[in-house]
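Heads up: the sequence lines are chains A and B, in that order.
Be aware that the first sequence starts at 9, since it is given in my numbering, and climbs by one per residue.
Be aware that the second sequence starts at 9, since it is given in my numbering, and climbs by one per residue.
We put the CB at the ideal spot given by N, CA and C, even for glycine.
Heads up, the thing below is written out as structure tokens.
Protein chains: 2
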Amino acid sequence: MEGVLSGKRLALARLISLIENEDPSTFAALSKLYKHTGTAHIVGITGPPGSGKSTIVTKLTSEYRSRGKTVGIIAVDPSSPFTGGALLGDRIRMQEHALDKDVYVRSMGTRGHLGGIARATSDTIRVIDAFGKDVIIVETVGAGQSEVEIVEVAQTVIVTDVPGSGDDIQAIKAGIMEIADIFVVNKKDLPGADIKVNAIKAMLELDTRNTGWTPPVMLTSARNGEGISELADKIEEHLRYLKECGLMEKRSLARSKDELESIMEYKLTRELLAQLQGRPEYKKAIERIAQKDEDPYSVAERLIVKFLSSYKEECE
Amino acid sequence: MEGVLSGKRLALARLISLIENEDPSTFAALSKLYKHTGTAHIVGITGPPGSGKSTIVTKLTSEYRSRGKTVGIIAVDPSSPFTGGALLGDRIRMQEHALDKDVYVRSMGTRGHLGGIARATSDTIRVIDAFGKDVIIVETVGAGQSEVEIVEVAQTVIVTDVPGSGDDIQAIKAGIMEIADIFVVNKKDLPGADIKVNAIKAMLELDTRNTGWTPPVMLTSARNGEGISELADKIEEHLRYLKECGLMEKRSLARSKDELESIMEYKLTRELLAQLQGRPEYKKAIERIAQKDEDPYSVAERLIVKFLSSYKEECE
């Protein structure tokens, strides 16, 4: 924990590994680091596989570095629910900044545990924030549940797409549209870039929410670095917008509530399961459910009542 | 509940709506329906947008109907975290079977609540199972967290892809590979179908888990109905495999445990939040977290201790 605050990368890496492994000791560290957080600008980037997210992140990082800003990158890789391994490809792509000590890159894989990745990502952002990075870029693969989560942790959300990747209604899901603060149509030299931009703009016009910010649709060719500087400008413009109209504060309150509730859910469930795991009665109850002798709803109710009354017994 | 057991579609639709709205009254109904479940074969289908999942589901349904089987279809639509609306497109596509009373189709959207869709989908499968459908097909959009979930509810998982949709390492994520029991390369008349099949087979050879089942890679042209009958055969073959080698029982135990724990997590958290919501101290605690006066980990700990000791006080 002290290592993280004094800028030691090894200490940072170790703490994040503990977070990934859901080590209970991380709570104390996270608790103490919390007051050192809140200075980083958290930028989320999501979009379909093959839309060049990693290249955009790499070039955007170079742009930030040339502006004197330090960068943290979290590549969230849904990866394997069974092996838990993050895909090699993502790590290779980040090599460009491997020797720059002002860039910290971390891949995170799911461990097949629902909600685990969201919890770990959220905590890792906090830690890198406390570590002192100016901008933290969180990259996730779309499309699915993960976008819903990125909007909970990021202040500015970039949604990427490429020309021609299906301009039909299914390709651009309404939900993905709604979370975007900035759209990027990458690989702009491919045929159909204008069609894609217009399709996105047409969908944006259907959006009746009045937020004071109309998401711009940017054209980039990340591989050649084209449009990246303009993208960095837009990201900063969005941050200014958030601050000026008080949204920053509102989002911070909403995130505090989400975070508190998710930590409570996690801790309370862990406490309950710690009481149950390994007990023969628990194993038997699961068998009875599988054999349809009992239903999981009634068993859940009974076990919860028993769990809560175990606190009652203490005072008898 | 009785309506569902006596085959009333309207009762079924109403119960599923209550489940989607997280109505507390559903627990009693689900509890009673549970012993009528376990007969349906639950087939998951996932893959990238545009790979023809909905068309495959539609044609597969026709195939099952011609074999005298009744079908339930659940289209899980990550859709909008803000509006909660399921996308019109998915519903339109299912029209083909709209007049067949032995086919029940339901779209489900997320309500922006992490884990909510998984809970609701799992419960809806149970209800349609109790309703008496022989096969329940659960369709989700890939790629992301959602695949990790489909493997928890489905007995047979189909992963779809199309030729040419990026044969690079990122397009076929390792995690998606590992959950597949059957691969389908759809739109087989497009150029590159063989390359895609070979790419998938090459990745399968890297899989060192010894399961006794090597996922077949099927070629289909769902729009023309080509390969659909063979796919239905493979799905039945996989079910026989699961039964014969005892995996069915093993998976049923694992699912019972997951289901019980997720219900307990849900109920316990709801109980805690019911105590907290609306209280001025709770609102103040969230404000203090947002202002960095306190950290969420310590607050969570304090509130949980207080929650648990509220059960203790009852006996004083």
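The Cβ of B:THR277 sits closer than 8 Å to at least one Cβ of chain A.
With a threshold of 8 Å between beta carbons, B:ALA230 makes no contact with chain A. The beta-carbon of B:LEU268 is placed less than 8 Å from the nearest beta-carbon of chain A. Around the CB of A:ALA36, fewer than 16 other CB atoms lie within 10 Å, so the residue is classed as exposed. With contacts defined as CB atoms closer than 8 Å, B:VAL159 and B:VAL193 fail to qualify as a contacting pair.
With distances taken between CA atoms, A:ARG114 lies nearest to A:GLY80 out of A:SER317, A:ALA298 and A:GLY80. A straight line joining the alpha-carbon of B:ILE236 with that of B:LEU68 spans about 6 Å.
A straight line joining the alpha-carbon of A:ALA48 with that of B:LYS292 spans about 24 Å.
Comparing C-alpha distances from B:LYS265 to each of A:SER130, A:TYR112, A:SER74 and A:LYS300 shows the shortest one belongs to A:LYS300. When beta bridges are read from the DSSP output, B:ASP169 appears opposite B:VAL193. Chain B places no beta carbon closer than 8 Å to that of A:ILE208, leaving this residue out of the contacts. Proximity of A:ASP303 to chain B, defined by a Cβ-Cβ separation below 8 Å, is satisfied. For A:GLY52, the enclosing beta strand (DSSP E) stretches over residues 49 to 55. Annotation: Cβ neighbours of B:ILE294 in chain A (cutoff 8 Å, chain order): LEU261, SER264, LYS265 and LEU268. In this structure, A:HIS44 lies near A:LEU13, with their beta-carbon atoms less than 8 Å apart.
In this structure A:GLY60 is buried. Its beta-carbon is surrounded by 16 or more other beta-carbon atoms within 10 angstroms.
By the Cβ criterion, the segment 276 to 289 of chain A is in contact with the segment 269 to 278 of chain B, since at least three pairs of Cβ atoms, one from each stretch, lie closer than 8 Å.
Chain A places a beta carbon closer than 8 Å to that of B:LYS300, counting this residue as a contact. The shortest CA-to-CA distance from A:ARG134 to any of A:LEU227, A:MET272 and A:ILE50 is the one to A:ILE50.
A Cβ-Cβ separation of about 5 Å places B:VAL165 in contact with B:ILE187 under the 8 Å criterion. The three-state reading of DSSP puts A:THR148 in strand, counting E and B together. Straight-line spacing of the CA atoms in A:LYS314 and B:THR34 works out to 22 Å. In the DSSP assignment, B:MET9 falls outside any alpha helix (DSSP H), carrying neither H nor E. Within the segment 15 to 33 of chain B, no residue has its Cβ closer than 8 Å to any Cβ of chain A. The Cβ atoms of A:PRO304 and B:GLU257 lie no closer than 8 Å to each other.
Listed along chain A are LEU268, ILE271, MET272 and LYS275, each with a C-beta nearer than 7 Å to that of B:ALA308. In this structure, DSSP gives B:LEU227 an extended state, which the three-state scheme calls strand.
If you ignore the 5 residues before and after A:GLY11, its C-beta comes within less than 6 Å of the C-beta of ALA19, all in its own chain and listed in chain order.
Counting only Cβ-Cβ distances below 9 Å, A:LEU38 has contacts in chain B at ASP303, PRO304 and TYR305, in chain order. DSSP lists no bridge partner for B:GLU295. Against chain A, the CB of B:LYS43 has a partner CB under 8 Å away; the residue lies at that interface.
With a threshold of 8 Å between beta carbons, A:ILE312 makes contact with chain B.
Residues of chain B with a Cβ closer than 7 Å to the Cβ of A:SER317 are, in chain order, TYR319. By the neighbour-count definition (other C-beta atoms within 10 Å, threshold 16), A:GLN163 is a buried residue.
Taking C-beta atoms as the reference points, A:GLY254 and A:VAL161 fail to come closer than 8 Å.
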